[in-house]
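There are 2 protein chains.
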Amino acid sequence: MTWRSVIGRGLCDDGVVAEDRHLSECDWLLAATRAVITIVKPVLEETILDLISSGVFLEFEVLGIADLGCSSGPNTLSVISHMVDTITMACQRLHCKPPEFQVFLNDLPGNDFNTIFKSLPSFYHNKLMGGNSNNRPCFIAGTAGSFYERLFPRKTLHFIHSSYSLHYLSQVPKGLENEEGALNKGNIYIASTTFPTVSRAYYEQFNHDFSSFLKSRSEEVLAGGRAILTFMGRRTEDPSCDENCTAWKMISLALNDIAQEGLIKEAQIDSFNLPYYAPSAAEVRRIILEEGSFNLIRLEAFEISWDANRDNIETDVSSLDSLRRAKYVTKCIRAVAEPMLSSCFGGSQVMNALFCRFTERVAQLYSKEEPKYYSLLITLRKI
Amino acid sequence: MTWRSVIGRGLCDDGVVAEDRHLSECDWLLAATRAVITIVKPVLEETILDLISSGVFLEFEVLGIADLGCSSGPNTLSVISHMVDTITMACQRLHCKPPEFQVFLNDLPGNDFNTIFKSLPSFYHNKLMGGNSNNRPCFIAGTAGSFYERLFPRKTLHFIHSSYSLHYLSQVPKGLENEEGALNKGNIYIASTTFPTVSRAYYEQFNHDFSSFLKSRSEEVLAGGRAILTFMGRRTEDPSCDENCTAWKMISLALNDIAQEGLIKEAQIDSFNLPYYAPSAAEVRRIILEEGSFNLIRLEAFEISWDANRDNIETDVSSLDSLRRAKYVTKCIRAVAEPMLSSCFGGSQVMNALFCRFTERVAQLYSKEEPKYYSLLITLRKI
């Protein structure tokens, strides 16, 4: 396993994303994602070139690519655009005819595919076609469904990409309560006060889900095909170790703050558990080995500051005071967390109070340390 | 060319569509479509069995199917469901392992794919999977774009289906006005008062579009692959012949009625032209022959009463008076026509008046004759 530490840079030199510069909630969310894409980009290129130069797929006229957990936003098409360009240029260098690409964008059935589809005509026109549909090298389709099940017919894919999705579990782990009630009181995810039985239940759910993911993909990807997967991970083997300071821990603390104020009940926190798991590198390696369909080619950990990409979003970057940074982080995290929290804890009034306390907690943290997201980047080859 | 005349029966014995029994605008629109599906069903089965028994595709593990102009509603998945069931049963009879299906549902980027995708989990569960995703024989994806351009990579499809979409042109024909103004005054489509130059422009646009459709599909469909296409046609070679009494003619008359009342201007009617063309069987045959990528296996014309399927929608079917039938036809036609007309002629007030006059016109027609939709059904084999 190799290490990287990056204060994120944006992908704002990319024509696809550059059009969208207004500072919506979406932008705050995208900031961190863009920083990840920047780190993944050279690995993506290396993996693609490895795939092409292996010669395995030179016989194919069509290359099947799937982006799993594609979401719906400006970044959705920029990854695909980059992959198609990279493969096309590699083929030109090797003097072989570029394939046509069948690209599947996947997310859950609730994802806003309509918005993606409405952006396709300008994507094809500007990026790929030059106005002639018969020169179109890339055909994009949407596939709605859980990537923990089969999504595509057998042996139809050559390349799998998934960015920041596999840490979401298919469901909240079972066994997080017994006859006396909730087992993970005061927390919404694994924390230092979490019982080992709760941590174990979380690991078992991740093990089940990630194994199902690999098994499903093993039927869909041709032998020799590649996967490049990025997701949240953790530094230590012990998931309850305090060193794994995550944004979810700050959310837990802020929830307890507003419970103290009487805005929500403590029992609500006790009974709520995130369908999320950040595995260690060793856990990921073990699951891949046990499932047995893929060779692990690369396993890297990297870190991104919680306010990575801030200079691409905010106009005034001179101020680096804790509160300002905390406010930025709050906007990023709120875009992800609020949809998961509001149905259990309450609407905008409760959420406003929660994220006020969250900002205070993060500002306190910034006065002591430099918090970072810890991520895992793996590349796989289908056996 | 063979002929059929059918007073439509519904597809209401189909589990997929039976759930949706409330009488929305959508239902009125679907009534006519269902009647068409009922007619097409045996031809679809025959074409599929012909494809399977030809043995051409028994070597393939995956069968590619595209439904072009799929729309978004209860019928969207029922056609696919029927095709997959038919192929699976045919394979069982022939003692060969059924393939997996990659199904592409296509419509323009403005189509509501989100609603289709949200219905997929129950579709997979009830119809195909039996709860086990690894037994899923059918993988559905959405493809947004015009079927007059390339939509899929080359040689990836085995079967094409398109129901009631190919009569919509990619654009209003050029050349429908000269320096003195609009050439097709008082009409919104070809009528008895239409100049031959206007009819010619309409034919040229259809020729261009249908040829582009065939050319694009010829790159995507494997040799031996089949297409089954249904669309509006016309009885006579002369497109301006009064015998081709279409619902659009009644809309034209009703528009002229409300222009007389001062609700809209005559110039609005003069300048509006439908992006629609109902070809003759001879025209379709000629274009297919000239394009040269497909053999024409079957060319049938069939007719459906304007109020086909009424007994599946209305609870009281005893009354067959002209006004009642005209009201039913109005609901069906309005669902299709209003989105095309309202942006040019005005909002709900104008549309209400228009479809009141339309109902009167249709009731008058019913007192004299039995109006029917005239459709063409063709099956093709890729050379």
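Listed in order, the protein sequences are those of chains C and R. Per UniProt numbering, numbering of the first sequence is gapless, rising by one per residue and ending at 383. Per UniProt numbering, numbering of the second sequence is gapless, rising by one per residue and ending at 383. C-beta: ideal position from N, C-alpha, C; glycine also.
{"Asked": "Any chain R beta carbon closer than 8 angstroms to C:ALA66", "Found": "no"}
{"Asked": "Within 8 angstroms, strictly: CB atoms of R:PRO137 and R:GLU177", "Found": "no"}
{"Asked": "Three-state secondary structure (DSSP) of R:GLU266", "Found": "helix"}
{"Asked": "Identified DSSP bridge partners for C:ALA201", "Found": "According to DSSP, C:ALA201 bridges with nothing at all."}
{"Asked": "Nonlocal neighbours in the same chain, by C-beta distance under 8 angstroms from residue 424 of chain C, ignoring five residues either side", "Found": "Outside the modelled stretch of chain C, which goes from 1 to 383, sits residue 424 of chain C, for which no answer is possible."}
{"Asked": "Sub-8 angstroms separation of C:LEU274 and C:TRP248 beta-carbons", "Found": "yes"}
{"Asked": "Any C-beta of chain R under 8 angstroms from that of C:ASP27", "Found": "Here C:ASP27 scores only 47 on pLDDT, less than 50, and its place in the model should not be relied on; the value that follows carries that caveat. No, its Cβ sits nowhere closer than 8 angstroms to a Cβ of chain R."}
{"Asked": "Neighbouring residues, chain C, relative to R:ARG154 (Cβ below 8 angstroms)", "Found": "GLU61, VAL62 and GLU100"}
{"Asked": "Cutoff 8 angstroms: C:PRO109 Cβ touching any chain R Cβ", "Found": "yes"}
{"Asked": "Beta-carbon proximity check, C:ILE188 vs C:SER293, cutoff 8 angstroms", "Found": "no"}
{"Asked": "Alpha-carbon to alpha-carbon, R:ASP112 and R:CYS229", "Found": "The residue you asked about is not Cys; residue 229 of chain R is Leu in the sequence shown. Distance between the alpha carbons of R:LEU229 and R:ASP112 is about 22 angstroms."}
{"Asked": "Where R:GLN92 falls, given that 16 or more other Cβ within 10 Å makes a residue buried", "Found": "exposed"}
{"Asked": "Listed by chain order, chain R residues near C:THR76 by CB distance under 9 angstroms", "Found": "The premise fails here: C:THR76 is roughly 13 angstroms from chain R at the closest Cβ pair, so nothing lies under 9 angstroms."}
{"Asked": "Min CB distance C:PRO121 to chain R below 8 angstroms", "Found": "yes"}
{"Asked": "Contact belief for C:ILE269 with C:GLY186 at Cβ below 8 angstroms, rounded distance in angstroms", "Found": "6 angstroms"}
{"Asked": "Cutoff 8 angstroms: R:GLY225 Cβ touching any chain A Cβ", "Found": "No chain A is part of this structure, whose protein chains are labelled C and R."}
{"Asked": "Within chain R, the residues that C:LYS118 reaches when beta carbons sit closer than 9 angstroms", "Found": "PRO109, GLY110 and ALA144"}
{"Asked": "Close beta carbons around R:SER192, own chain, < 8 angstroms, minus the five adjacent residues each side", "Found": "SER240, CYS241 and ASP242"}
{"Asked": "Counted within 10 angstroms of its Cβ, other Cβ atoms place C:ALA282 as buried (16 or more) or exposed", "Found": "exposed"}
{"Asked": "Proximity to R:ARG154 [Cα-Cα], best of R:THR379, R:GLU204, R:ARG217 and R:SER343", "Found": "R:ARG217"}
{"Asked": "R:ILE48 and R:ILE87 closer than 8 angstroms at C-beta", "Found": "yes"}
{"Asked": "Cβ-based burial, R:PHE210 [other Cβ within 10 Å; buried from 16]", "Found": "buried"}
{"Asked": "For C:LYS41 and C:LYS368, the rounded distance between their alpha carbons", "Found": "32 angstroms"}
{"Asked": "Start and end residues, alpha helix (DSSP H) containing C:HIS161", "Found": "C:HIS161 -> not in any alpha helix (DSSP H); beta strand (DSSP E) instead, spanning 157-163."}
{"Asked": "CA-to-CA distance, R:LEU68 to R:PHE116, given in whole angstroms", "Found": "Reading the sequence as shown, one finds Ile at residue 116 of chain R and not Phe. Rounded to the nearest angstrom, the two C-alpha atoms are 14 angstroms apart."}
{"Asked": "CB of R:MET232 within 8 angstroms of CB of R:SER375, strictly", "Found": "yes"}
{"Asked": "Of the listed residues R:SER342, R:SER348, R:PHE355 and R:GLU261, nearest to R:CYS332 (C-alpha basis)", "Found": "R:PHE355"}
{"Asked": "Neighbour-count burial assignment, R:GLY55, 16 or more Cβ in a 10 Å radius", "Found": "exposed"}
{"Asked": "8 angstroms Cβ cutoff met for C:LEU63 and R:PRO109", "Found": "no"}
{"Asked": "Buried versus exposed, by CB contacts within 10 Å (16 or more), R:THR359", "Found": "buried"}
{"Asked": "Residue burial classification, R:HIS95 (beta-carbon count within 10 angstroms, cutoff 16)", "Found": "exposed"}
{"Asked": "Residue-chain proximity (R:PHE113, chain C), Cβ-Cβ < 8 angstroms", "Found": "yes"}
{"Asked": "The stretch 194-204 of chain C contacting the stretch 156-164 of chain C, beta-carbon criterion three pairs below 8 angstroms", "Found": "no"}
{"Asked": "Between the CA atoms of R:GLN171 and R:LEU341 - distance to the nearest angstrom", "Found": "15 angstroms"}
{"Asked": "Cutoff 8 angstroms: C:PHE294 Cβ touching any chain R Cβ", "Found": "no"}
{"Asked": "Whether R:LEU299 touches R:VAL221 by CB criterion (8 angstroms)", "Found": "no"}
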